[in-house]
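Peer 1: Residue numbers (my numbering), protein chains in the order written: chain B, 1 to 172; chain X, 1001 to 1495. Where is the CB? At the ideal position from N, CA and C, for every residue including glycine.
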Amino acid sequence: MEYRLKIKEEIIPVQAEAVAENNLKISMAEQQFDVSCHVLGDNMIHLMVNGRSVNAYLTGEGGGRNITINGLTCRVEDADLLEQNRGRKKRHRDMPAEVTPPMPAVVVRVMVEVGDMVEKGQEVVVVTAMKMETTLNAPFGGKVTGVNAAAGDKVMPGEILVDIAESENADG
Amino acid sequence: MFDKILVANRGEIAVRIMRTCREMGITTVAVYSEADKKALHVLTADEAVYLGDARPAASYLNMDKIIRAACDTNAGAIHPGYGFLAENAEFAEKCGRAGLSFIGPPANVIRDLGDKTMARRIMVKGGVPVIPGMTRADPDPPVLAEEAEKIGYPVLIKASAGGGGKGMRVVNGPEEMEQACIAASSEAASAFGDGSVYLEKYFERPRHIEFQILADGHGHVIHLLERECSIQRRYQKIIEETPSPAMTPELREEMGKAAVAAASAAGYVNAGTVEFLLDREKNFYFLEVNTRLQVEHPITEMVTGIDLVRWQIEIAAGGVLDLSQQDISGRGHAVECRIYAEDPENNFFPSPGRIAFLKEPAGPGIRNDCGIYEGAQVPVEYDPILSKLVCFAENRDAAIQRMLRALAGYVILGVKTPVSFLMDVLQSKAFMSGETFTDFIEKYFTDWHPADGPADLARIAFIADEICGKTGAKKAVSTADRPASPWDTLGNWRG
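#1: Quick one: which chain X residues come within Cβ less than 7 Å of Ile26 of chain B?
#2: Determine the DSSP secondary structure at Tyr1410 of chain X, reduced to helix, strand or coil.
#3: With distances taken Cα to Cα, identify the nearest neighbour of Gly1114 of chain X among X:Leu1287, X:Asn1368 and X:Val1170.
#4: What is the DSSP secondary structure of Ala1362 of chain X, reduced to helix, strand or coil?
#5: Could you spell out the range, first to last residue, of the alpha helix (DSSP H) harbouring Glu1301 of chain X?
#6: Residues of the stretch 31 to 44 of chain B in Cβ contact with chain X at a cutoff of 7 Å, in chain order, please.
#7: Could you have a look at Ala18 of chain B and say whether DSSP puts it in helix, strand or coil?
#8: Under the DSSP definition of a beta bridge, which residues are partnered with Pro1350 of chain X?
#9: Measuring CA to CA, which of X:Gly1414, X:Ala1148 and X:Glu1336 is closest to Ser1351 of chain X?
#10: Indicate the three-state DSSP secondary structure (helix, strand or coil) for Ser1059 of chain X in the structure shown.
#11: Give a yes or no on whether 8 Å exceeds the smallest Cβ distance from Ile1110 of chain X to chain B.
#12: Can you give me the start and stop residues for the alpha helix (DSSP H) that Arg1455 of chain X sits inside?
#13: By DSSP, does Phe1426 of chain X sit in helix, in strand, or in coil?
#14: Identify every residue that forms a DSSP beta bridge with Arg1280 of chain X.
#15: So, is Thr1446 of chain X buried or exposed, given that buried needs 16 or more other C-beta atoms within 10 angstroms?
#16: Among X:Phe1203, X:Phe1440, X:Glu1381 and X:Thr1291, which residue has its Cα nearest to the Cα of Glu1087 of chain X?
#17: Do three or more CB pairs link the stretch 1126 to 1134 of chain X to the stretch 1268 to 1285 of chain X at distances below 8 Å?
#18: For Lys1443 of chain X, which three-state DSSP category applies?
#19: For Thr1020 of chain X, which residues in the same chain have their Cβ closer than 8 Å to its Cβ, ignoring the five residues on either side in sequence?
#20: Between the Cα of Val1109 of chain X and those of X:Ala1266, X:Met1403 and X:Trp1448, spot the shortest distance and give me the residue it belongs to.
#21: From the beta carbon of Val1419 of chain X, is the nearest beta carbon of chain B less than 8 Å away?
#22: Tell me Gln31 of chain B's beta-bridge partners as DSSP assigns them.
#23: Which residue or residues does DSSP assign as beta-bridge partners of Met117 of chain B?
#24: For Glu1147 of chain X, which three-state DSSP category applies?
#25: With a threshold of 7 Å on Cβ separation, who are the neighbours of Leu1426 of chain X within its own chain once the five nearest residues in sequence on each side are excluded?
#26: By how many angstroms is the C-alpha of Val124 of chain B removed from the C-alpha of Glu1187 of chain X?
#27: From the DSSP output, in three-state form, read off Ile7 of chain B for me.
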């Protein structure tokens, strides 16, 4: 299998092959790693990597993990999964094509201004309801032509908080 | 001796005090707030009394509730720990009136030493060196210049009404005096509505060195050597060690004598700490007395082998301090790192939350005074200290290496901690060579960012967890009703 793993802004392709139970062959950046692994708990995994012992401690849900090894922590994300999640959202028929709150809410902050170029999925407005914050994303890439709400405003579903003119080359 | 002690504190210090109580055969009572129902100190005590909601005023700072809890549980004494009510003279008095022993100095001593002017007066009378300076303000530059000659340059102009660095000026020589005086005075006037200023000797890059003292109620006072506490952030210590890299046997004897003199002059009883400033020429000056058990007391316990909490309790019960100064000698070197729930990358901002995973370091010479457990909540309401990691070894280098080893094996997931920051400080050239001054963090670590983690190993761990880990196994169970096998997950979302 091939993974594409993201650390900070760098995405590196990684090939992994399960050769036996708990034994993997992993290659990345022209390096080969023989790995045997033992999961020791929900957050703890012991690895032998090319014969060297490594204890790794993990937290995180979904496609991202914070991985601590010898006191240093890396955030690792599955780039494919990140993109797939975006893709999945796109396929949903009921995915809002406008920036509008899913329930009556109060605007916490607006992150764009008129004239800004936004990318599909970019966070544009944060609203709060019942002490829960929800982020509204741009449904497609384009140019912001109107901002109809400000921090503190009470807003209702259907109200369009940010107008975006879709770019012609946007893939949304 | 007391049969039962109420510990009026929380977290690691409450747990630490209860440990000694148990060793002495004393029953312990914890107090707790709404936020601490399942806190470690509550689980550690023999009994626990609920105080009120999470606000300190309703719980750990509420004197009447705490005294009532002690009376209701028939405790004979209250140990205040550090922080909260530890240096509150009124609380010590109220304990006395309720027939309870307060494990700390007498109320009048707490009051005297808590007042800066009064403390200074007591020290001058007791022959303890204080920071040279004027005792009253004068706005007249020639008068200040005259005073500055007496004190010796450089001097610091300070605003009488001051604080926060406003109205402060360093003056390096007489030619700068008039200008600096006018500037400081007008700055003070606009900031505080009061332009009066005074002078103090200015010290460049001093060290913060303190002496532990023990005094009984029968006039016997000793010191238990020094602690170097110069590594501070936001005026709070984060790494302490003993002995100080700056110490010589002669200086130790001299400062120790001054510390004992300070305690005697104040009529001190119980454990306390005399703080000094040490300048580059190894002159030392009295700063203040902390009338409580210090956060960093364990490093003293490690090198002297003496349990300070045990002595606090013995002394409070009227016992005689039967240790002489000759009985006290330091062995080896101890370092303490404070582990807070905080984000060192973001100006040490507190990081409360649930401890998702905890693995404490262990091994020779390691002591971790810890107030949390896996699954525990770190509340937002209180000081975010999680634990104090203390390492002891034969010498300073070995103690630092031991601390680095311990930190690398200390895993706390769920909240941010300064573990990687502390490792970088300990490994820095300046720290290794003992160049520990109070401006250390500001000078060397202002724009600190964590070193990049081992990226390749992290990627490997990620994939191993995906394929062999719980996440993968769970997915397999949900798709097929049979025991998980790593192979089941392989085709899930990948071609």
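Peer 2: Put simply:
#1: Ile1460 and Ile1463
#2: Three-state result, Tyr1410 of chain X: coil.
#3: X:Leu1287
#4: coil
#5: His1297 to Thr1304
#6: Phe33, Val35, Cys37, Val39, Asp42 and Asn43
#7: Correct three-state label for Ala18 of chain B: strand.
#8: X:Glu1342
#9: X:Gly1414
#10: Ser1059 of chain X falls in the coil class under three-state DSSP.
#11: no
#12: The sequence given here has Ala at residue 1455 of chain X, not Arg. Where Ala1455 of chain X is concerned, the enclosing alpha helix (DSSP H) stretches over Ala1455 to Cys1468.
#13: The residue asked about is misnamed: residue 1426 of chain X is Leu in this sequence, not Phe. It is helical.
#14: Per DSSP, none; premise fails for Arg1280 of chain X.
#15: exposed
#16: X:Thr1291
#17: yes
#18: The three-state secondary structure of Lys1443 of chain X, taken from DSSP, is helix.
#19: Asp1307, Val1309, Arg1310 and Ile1313
#20: X:Ala1266
#21: yes
#22: B:Met28
#23: Beta-bridge partners assigned by DSSP to Met117 of chain B: B:Lys143.
#24: Three-state DSSP puts Glu1147 of chain X in a helix.
#25: Ile1400, Met1403 and Leu1404
#26: 44 Å
#27: strand
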